[in-house]
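Only one structure is covered here, and it is reproduced in the block below.
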Amino acid sequence: MGRIHLKGVRKAFGDVIVIPSIDLDIADGEFVVFVGPSGCGKSTLLRLIAGLEDVTSGRVDIDGVDMTNVPPAKRGLSMVFQSYALYPHMSVRSNIAFGLKMAGESPEIIKQKVEKAAATLNLSSYLDRKPRQLSGGQRQRVAIGRAIVREPKAFLFDEPLSNLDAALRVQMRLEITQLHQQLATTMIYVTHDQVEAMTMADKIVVLNAGNIEQVGAPLELYNTPANLFVAGFIGSPKMNLLNGAIAAKFGAGTIGIRPEHIATARDRGEWQGVVRVAEHLGSDTFLHVDAETIGRITARAPGELALAAGDKVGLTPRPDRIHRFDSDGRAMRA
Amino acid sequence: MATRQTRILAHAATAPSTLVLFLWMIVPLAMTIYFSLLRYSLLDPGNESFIGLVNYEYFLSDPAFFAALFNTLKLVGGVLLISVVGGILLALLLDQPCWGRGIVRLMVIAPFFVMPTVSALIWKNLLMHPVQGLFAWIANLLGLQPIDWFAQAPLTAITLIVAWQWLPFATLILLTAIQSLDEEQKEAAEMDGTPPLSFFFYIVLPHLARPITVVILIETIFLLNVFAEILVTTGGGPGNLTTNIPFLVYAQALLQFDVGGASAGGIIAVILANIVAIFLVRMIGRNLEA
Ligand SMILES: Nc1ncnc2c1ncn2[C@@H]1O[C@H](COP(=O)(O)OP(=O)(O)OP(=O)(O)O)[C@@H](O)[C@H]1O
Ligand SMILES: [Mg+2]
Chain L
1 MGRIHLKGVR KAFGDVIVIP SIDLDIADGE FVVFVGPSGC GKSTLLRLIA GLEDVTSGRV
61 DIDGVDMTNV PPAKRGLSMV FQSYALYPHM SVRSNIAFGL KMAGESPEII KQKVEKAAAT
121 LNLSSYLDRK PRQLSGGQRQ RVAIGRAIVR EPKAFLFDEP LSNLDAALRV QMRLEITQLH
181 QQLATTMIYV THDQVEAMTM ADKIVVLNAG NIEQVGAPLE LYNTPANLFV AGFIGSPKMN
241 LLNGAIAAKF GAGTIGIRPE HIATARDRGE WQGVVRVAEH LGSDTFLHVD AETIGRITAR
301 APGELALAAG DKVGLTPRPD RIHRFDSDGR AMRA
Chain U
1001 MATRQTRILA HAATAPSTLV LFLWMIVPLA MTIYFSLLRY SLLDPGNESF IGLVNYEYFL
1061 SDPAFFAALF NTLKLVGGVL LISVVGGILL ALLLDQPCWG RGIVRLMVIA PFFVMPTVSA
1121 LIWKNLLMHP VQGLFAWIAN LLGLQPIDWF AQAPLTAITL IVAWQWLPFA TLILLTAIQS
1181 LDEEQKEAAE MDGTPPLSFF FYIVLPHLAR PITVVILIET IFLLNVFAEI LVTTGGGPGN
1241 LTTNIPFLVY AQALLQFDVG GASAGGIIAV ILANIVAIFL VRMIGRNLEA
């Protein structure tokens, strides 16, 4: 079980209010990702759930029990830290076993559980090494191993992949997703990488300045962003946000259109413009276009489209994919 | 030094200072060795003669030598024990967030700045004095017989004084080490539900292994040479209960006016210090690697 419920959770450091008030429900077995720009309070929120910080006011319930004032170790959660936080002088085996040892488990059970976790994470042949003799990815796995042996109600991850290189990050991302499927335990995962958020999450929580902007499944956020912030944050490259006359034509304060929802052609199009930068990725080409009257637009073209800087291009947005926002930045539903 | 070129350059650049340092060390050492081979008494100047290793024989066969050797070891060991254990405890205490921590830290560091002679005099006359000392006063208050420190436990008294001087050094180094303990590691231990004592023994102490090694190495070098505290308090006595090797050398040279014998003693002290150093580096220097 691992149902987590936050009720009016508020956190201030001295006079600085980092999290004004958050209500959030996390169901058992869910993979929830907290995403948002740097400094928006993702880590703080995670640490409040973990119990590493005290809430200023509000309640944290885990499985229906009020855990607001319960110390971290008693909450039944495990955390994987960004720096891994392995104990440097202990072997991998002792690192993984440490939590169980502190919990007073018997040596046979510890051995059994450590070996099971090591097998799950492909660490069996490294058990007697010290952390410094491991690669970044292996350390990461040890940190996860340390979390899973305790069989927690939920896992908390704080940017666990940010110290890894791109290729390893993709691989570990998959491994964590698989681990989640295998264990079916609640996981809360903090990242500022929206690709990680989109690919891993059952549910994404978009945070901005300590407030929840929107909660929803990845595609829900992609297809129906609740406001300008989410619209701009989810999706890569970013959604084009246009205001002024063009938005007024749609009866909105701002309209948004994603680069992938704009058709490009050499000659014809609703909007005409000049390519300023063309980024050729092979599969796709991202065109940064100066469109007359509406400004800079990013559009995704197929990789074969051989356009270069300085070429003329015609852009046609898909009308059903235009997002409309009112003057307060909230989405307008038709 | 990546390439041969830079290596050669580095050697050339450091050669002059290496030479000066070498001369700085070798001239006094050579002179001491030379004196140690002479019959050279200050009572009979101008009559020096070469006598080979007789001074060494004489110094090493003196029962006072072995007493001094053991006193030296006891003193070094005692001070190391007190300053390291006390230093760890104090450092842990000073690491706790509390009101006025800055001032407390400053006060803890203070003894390190007090000259050995001054601190020894203060301890002797104001604290440990059997009649007017603070300890005697406390003992009287509790209805106990005051201890006459320098008569009943002279070496312990000196050990306490020297330990008091070195405690701040150990505390300071260990405190910075404790503060460098990774914050996330502490939190990981907290999530693991580590009780305070286990936290200390499994996380903090291993983290301190290296700084403790440094403290032991540095302190040992200085503690082998404790002199002023003995001169000011007991003068090596009663008998030779508080005579360590440096004090014995001093007594030989300036109380018995035997420069040759004192030089031999000095050389023996150098050899002993080197043996201890090699022993220490071998035994705990491993902690410094990696
Ligand atoms: N101990 C603290 N004292 C005061 N302010 C703090 C403290 N910890 C965090 N903050 C502030 O709270 C805000 C949120 O910090 P937090 O670490 O939660 O951000 P984050 O979303 O995790 O950012 P990042 O993606 O950079 O890790 C920041 O503005 C930070 O300056
Ligand atoms: Mg963070």
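Protein chains in written order, with the numbering used here: chain L, 1 to 334; chain U, 1001 to 1290. Idealized CB from N, CA, C, for every residue including glycine.
The continuous beta strand (DSSP E) containing S78/L extends over residues L77 to V80. Proximity of the beta carbon of G39/L to ligand 1 is indicated: a heavy atom of the ligand is located closer than 7 Å. For H323/L, the closest alpha carbon among the candidates K116/L, L52/L, A252/L and G269/L is that of A252/L. In the DSSP assignment, the residues bridged to A263/L are T316/L. Distance check between R333/L and each of T293/L, T224/L and L219/L places T224/L closest, using alpha-carbon atoms only.
By the neighbour-count definition (other C-beta atoms within 10 Å, threshold 16), Y1034/U is an exposed residue. Within the same chain, Cβ atoms closer than 8 Å to the Cβ of L1181/U are found at I1203, V1204 and H1207, the five residues on either side in sequence being excluded.
Straight through space, the alpha carbons of T1233/U and M1025/U are spaced by roughly 31 Å.
Ligand 1 has a heavy atom closer than 7 Å to the beta-carbon of H192/L.
In terms of beta-carbon proximity, T1194/U lines the interface with chain L, with at least one pair separated by less than 8 Å.
Residue range H323 to F325 is occupied by the beta strand (DSSP E) that includes H323/L. Of all residues in the region 1171 to 1197 of chain U, only D1182, E1183, E1184, Q1185, K1186, E1187, A1188, A1189, E1190, M1191, D1192, G1193, T1194 and P1195 come within less than 9 Å of chain L when Cβ atoms are compared, listed by chain position. Burial is judged here by how many other beta carbons sit within 10 angstroms of a residue's own beta carbon; R139/L has at least 16 and is buried.
For S125/L, there is no enclosing alpha helix (DSSP H), as DSSP gives it neither H nor E. Between I1203/U and chain L, the shortest Cβ-Cβ separation is below 8 Å. Within the region 91 to 102 of chain L, contact with chain U at the beta-carbon level (separation under 7 Å) is assigned to F98, G99 and M102. Residue range V1054 to S1061 is occupied by the alpha helix (DSSP H) that includes E1057/U.
Runs of the alpha helix (DSSP H) lying entirely within the region 1111 to 1178 of chain U and spanning at least 4 residues, in chain order: 1116 to 1122, 1134 to 1141 and 1149 to 1152. Chain L places a beta carbon closer than 8 Å to that of P1206/U, counting this residue as a contact. Against chain U, a Cβ distance below 8 Å from L52/L picks out E1187, E1190 and M1191. Residue-level contact check: F250/L does not touch chain U, since none of the beta carbons of chain U fall below 8 Å from its beta carbon. Under the DSSP definition of a beta bridge, A278/L partners with L287/L. Under DSSP, V65/L forms a beta bridge with I62/L.
Within the same chain, G253, T254 and I255 come within 7 Å of A247/L by CB-CB distance, once the 5 residues on both sides are set aside. A97/L and G64/L have their alpha carbons spaced roughly 29 Å apart. Taking 8 Å as the cut-off, the beta carbon of I148/L is found no closer than this to the beta carbon of A118/L. Following the DSSP letters along the chain, one finds F1247/U in no beta strand (DSSP E) but inside the alpha helix (DSSP H) bounded by residues I1245 to Y1250. Where G256/L is concerned, the enclosing beta strand (DSSP E) starts and stops at T254 to I257. Going by beta carbons, E1187/U and L52/L fall inside the 8 Å limit. A residue is called buried when at least 16 other Cβ atoms come within 10 angstroms of its Cβ; G303/L does not meet this threshold and is exposed.
Comparing alpha carbon positions, the residue from V18/L, E30/L, D54/L and I22/L closest to S38/L is V18/L.
Within the same chain, Cβ atoms closer than 6 Å to the Cβ of H288/L are found at R276, V277 and T298, the five residues on either side in sequence being excluded. Taking a contact to require three or more Cβ pairs closer than 8 Å, the region 1150 to 1169 of chain U and the region 1111 to 1119 of chain U qualify as touching. The distance from the Cβ of N208/L to that of R146/L is about 32 Å, inconsistent with a contact at the 8 Å cut-off. CA-to-CA, the gap between C40/L and V1214/U works out to about 43 Å.
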